[in-house]
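In the working numbering, the protein residues as written are 9 to 91. Heads up, the beta-carbon is just placed ideally off N, CA and C, and yes, glycines get one too. Keep in mind that this is a model prediction, so the values were computed, not measured. Here the structure comes first, spelled out in structure tokens, and everything after it is commentary.
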């Protein structure tokens with residue numbers, strides 16, 4: 009599996025499955041968390057968890073490629089300035 013696919017699975021797939029599974033499993037529950045129905049608490053929890061998934065996808069799979077492209081662009085622009 010390519011790094012692009014791994015990154016997409018982590019950044020998009022994991023939050024999608026987490027939110028969807030929570031809705032399916034918790035929608036009939038009458039439990040509450042701090043006065044909110046548990047399904048809403050589950051959805052609120054996935055807001056920061058989605059950000060963490062995006063961060064880990066960037067760090068693990070995308071960062072090196074992006075930094076290499078940035079270095080190449082910087083080197084190309086610096087050599088273009090000398091001409």
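Residue burial annotation: residue 74 is exposed, with fewer than 16 other C-beta atoms found within 10 angstroms of its C-beta. Minimum Cα-Cα distance from residue 20 among the listed residues 33, 59, 44 corresponds to 59.
Taking the Cα positions, residue 31 is about 12 Å away from residue 53. Under the 8 Å Cβ criterion, the segment 65–82 counts as touching the segment 10–27, having at least three qualifying pairs.
Linking residue 80 to residue 86 through their CA atoms gives a straight-line distance of about 10 Å.
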